[in-house]
Ligand SMILES: [Fe+2]
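In our numbering, the protein residues as written are 1474 to 1636.
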């Protein structure tokens, strides 16, 4: 079982040391970068730097729990639920749970493989968020707007710091 206190302590440590790692985060002109700040068997902590216009497809996080928090800028998030059962017509239809603009201090928790989201930086400034995945995952699903899993992607790091 994951010790919640361990996760909180690690995140607090990483936030305190933010001035050390934030300036080293890899940068791109488009898209976003994923930098690992900590990893153990039970969970990992990543910093995601989102550049203006960056957007993910609708995706899951494998079988991992996912918690996010915005540290700088703002992110547009759409949350979806993938139903377990087909509807009366025999189709699995992705349900839009909600859309939000998340500002500094705000975030989400996605607790099941059926909790999906898409994330975008629609502003003209960079955004930074911190993410916890428990346990770590290497593959995740990408979905189209109707809920069809269209691809399996490999989770990659643009940098590994593991402070
Ligand atoms: Fe995600």
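We put the CB at the ideal spot given by N, CA and C, even for glycine.
Predicted, not measured: the structure shown is a model, and the values here were computed from it.
- Put simply, the stretch 1526-1546 touches the stretch 1596-1607. At least three CB pairs are less than 8 Å apart.
- Nearest Cα to residue 1588 within the set 1502, 1533 and 1488: 1533.
- For residue 1612, the enclosing beta strand (DSSP E) stretches over residues 1612-1616.
- No residue range can be given for residue 1565, since it is assigned to no beta strand (DSSP E) and is classified by DSSP as neither H nor E.
- DSSP, read as helix, strand or coil, puts residue 1491 in helix.
- In the assembly as shown, residue 1503 is an exposed residue. Its beta-carbon has fewer than 16 other beta-carbons within 10 Å.
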